[in-house]
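**Student:** Going by the numbering used here, the sequence shown opens with residue 1023, and the numbers climb by one from there.
Don't be surprised by glycine CBs; every beta carbon is placed ideally from N, CA and C.
Keep in mind that this is a model prediction, so the values were computed, not measured.
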Amino acid sequence: MSQFEKIKIILSGGGTGGHVFPAIAIASEIKQLYPKSEILFVGAKGKMEMEKVPSAGFEIKGLWISGFQRRLTWSNLLFPFKLVSSLISAYLILRKFKPNLVVGTGGYASGPLLEIAVRMKIPIVIQEQNSFPGITNRILAPKASLICVAFPGLEKYFPASKVRVTGNPVRKDLLNVKAIRQQAFDYFNLDWQKPVLLVIGGSLGARTINEAIWENLGFILSNGYQIIWQTGKAYYETVEYSVKEWAERGVVVVPFIARMDYAYSAADLVISRAGAISLSELAVLEKPSVLIPSPNVTDDHQTKNALAFQEIKGAVLLKDEDTKAAFQSTLLPLLKNKELRDEMTQNLSKIAKPNAAQDIVKEILKLL
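1) Is the number of C-beta pairs between the stretch 1174 to 1190 and the stretch 1353 to 1361 that are closer than 8 angstroms three or more?
2) Check the C-beta distance from residue 1155 over to residue 1176 and give it rounded, since I have them as a contact under 8 angstroms.
3) Mapping DSSP to helix, strand and coil, what is residue 1229?
4) With DSSP as the reference, label residue 1251 as helix, strand or coil.
5) Return the CA-CA distance between residue 1148 and residue 1168, expressed in angstroms with no decimal places.
6) Distance check for residue 1161 and residue 1370, CA to CA, integer angstroms please.
7) May I ask you to report which of helix, strand or coil DSSP gives residue 1333?
8) Which value, in whole angstroms, describes the spacing of the CA atoms of residue 1247 and residue 1386?
9) How would you label residue 1251, buried or exposed, when you count the other beta carbons within 10 angstroms and need 16 or more for buried?
10) Go to residue 1241, then tell me how far its beta strand (DSSP E) extends in each direction, as first and last residue.
11) Can you find at least 3 beta carbon pairs, one from the stretch 1204 to 1224 and one from the stretch 1284 to 1299, that sit closer than 8 angstroms?
12) Measure the alpha-carbon distance for residue 1390 versus residue 1126 and round it to whole angstroms.
13) Residue 1464 and residue 1068: beta carbons closer than 8 angstroms?
14) Are the CB atoms of residue 1189 and residue 1372 nearer to each other than 8 angstroms?
15) Quick check: the Cα distance between residue 1388 and residue 1336, rounded to an integer number of angstroms?
16) Cβ atoms of residue 1058 and residue 1028: under 8 angstroms apart, would you say?
17) Tell me which residues share the same chain as residue 1196 and place their Cβ nearer than 8 angstroms to its Cβ, disregarding the 5 neighbours each side in the sequence.
18) Check residue 1023 in the structure and name its three-state DSSP category.
19) Consult DSSP for residue 1081 and reduce its assignment to one of helix, strand or coil.
20) Measuring only the C-alpha atoms, how far is residue 1338 from residue 1118?
21) Excluding the 5 residues preceding and the 5 following residue 1256 in the sequence, name in chain order all residues of the same chain whose CB lies nearer than 6 angstroms to its CB.
22) Do you know how far the Cα of residue 1179 is from the Cα of residue 1163?
23) Between the C-alpha atoms of residue 1242 and residue 1221, what's the straight-line distance to the nearest angstrom?
24) What are the boundary residues of the beta strand (DSSP E) that residue 1034 is part of?
25) Quick one: measure Cβ to Cβ for residue 1296 and residue 1324, integer angstroms, because I've assumed they're closer than 8 angstroms.
26) Going along the chain, which residues of its own chain have a beta-carbon closer than 7 angstroms to the beta-carbon of residue 1040, five neighbours each way excluded?
27) Have a look at the DSSP bridge pairing and note the partners of residue 1273.
28) Output the distance between the C-alpha atoms of residue 1343 and residue 1309, rounded to the nearest integer angstrom.
29) If you follow the alpha helix (DSSP H) that residue 1371 is part of, which residue opens it and which one closes it?
30) Tell me whether residue 1237 is buried or exposed, calling it buried when 16 or more other Cβ atoms sit within 10 Å of its Cβ.
Take a look at the structure:
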């Protein structure tokens, strides 16, 4: 029997899908290799991980913790009490579960849990998704045994000897999209002889992106493209009502894309925010893109992510505030020039990490 057959690991990550889904991917890889292993998640009460993790088949415990607001709010008065509560709860969870190792993928609960694990002399692993790490991971990095990163060059923020460039785990259902292209066009009822622009602004939607697409529908269609447009739930009814007349010309509008494998398979070009997991998917699937980073994220990390892709000529960065004025001039060369898109595809293939989850688990096992 392998020495890892009954390994016990706690994973903590949440608040956003960018933290939750990598943690689930790592846990699933461990479970696939060692079915008798014991996996426990620790998240923040009331956050999305409390729903997503059980749906993936894993147990989760919740801490009473939230972020400290940078502006003056009443909720900040509760922060010291939440922090003390979460540190005590983390200690009790660790003492009872007795993990061999703790993995943090970011989020509110990750900090207290990893800090207590260090104090209990339990090895900790950090998985950093972004090209610019969050403050929690920067603080914990000197205490970590291993740091798995998605982008090269993070040695300037972390101890270089601990850094491994593994990439971000992506969903396994996205790794076979080239084989389902015909089914994808059938699924969206599109003409397979015409190119497709995929627009994704996140599950909640992105106002800037939605307004840009709405104002430039005629421009995009006149260049021979069809559109798969994920508006987000908040914007769907307004957009759907406004674009009904365009449906016969190849405009598919949905609040949320359930089959992202089909959407990516059909897409020749993508317009997206610049979250780390979205970029990892675009790299693995080798999809050229226009990236419009959200201006409403901590440390402006989406812009830093997009710059990393622009530097290797795998994407074009369009700032949120410039979108209205520069949308057509930015998009037109990509719509018209297949050679340019092919060059971007080649550049993305050089940085893609399709086996990120397996590589992270290999590094964890080496550490143990």
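**Tutor:** So, from the listed chains and residues:
1) Put simply, the stretch 1174 to 1190 does not touch the stretch 1353 to 1361. Fewer than three CB pairs are less than 8 angstroms apart.
2) 7 angstroms
3) helix
4) strand
5) 6 angstroms
6) 31 angstroms
7) helix
8) 45 angstroms
9) buried
10) Element bounds for residue 1241: not the beta strand (DSSP E) but the alpha helix (DSSP H), 1239 to 1244.
11) yes
12) 16 angstroms
13) A question about residue 1464 goes unanswered here, because the residues of the chain that appear run from 1023 up to 1390.
14) Cβ distance not < 8 angstroms, so residue 1189 and residue 1372 don't count as in contact.
15) Residue 1388 and residue 1336: Cα-Cα distance of roughly 32 angstroms.
16) yes
17) 1282, 1283, 1286, 1303, 1306 and 1307
18) Annotation note: pLDDT 48 at residue 1023 (below 50); position unreliable, coordinate value reported separately. In this structure, residue 1023 counts as coil in the three-state DSSP scheme.
19) strand
20) 49 angstroms
21) 1227
22) 9 angstroms
23) 12 angstroms
24) 1030 to 1035
25) Contact between residue 1296 and residue 1324 holds: CB atoms are separated by about 4 angstroms, below the 8 angstroms threshold.
26) 1151, 1297, 1298 and 1299
27) The partner list for residue 1273 (beta bridge, DSSP) reads 1249.
28) Rounded to whole angstroms, residue 1343 to residue 1309 spans 24 angstroms at the Cα level.
29) That run of the alpha helix (DSSP H) goes 1360 to 1373.
30) exposed
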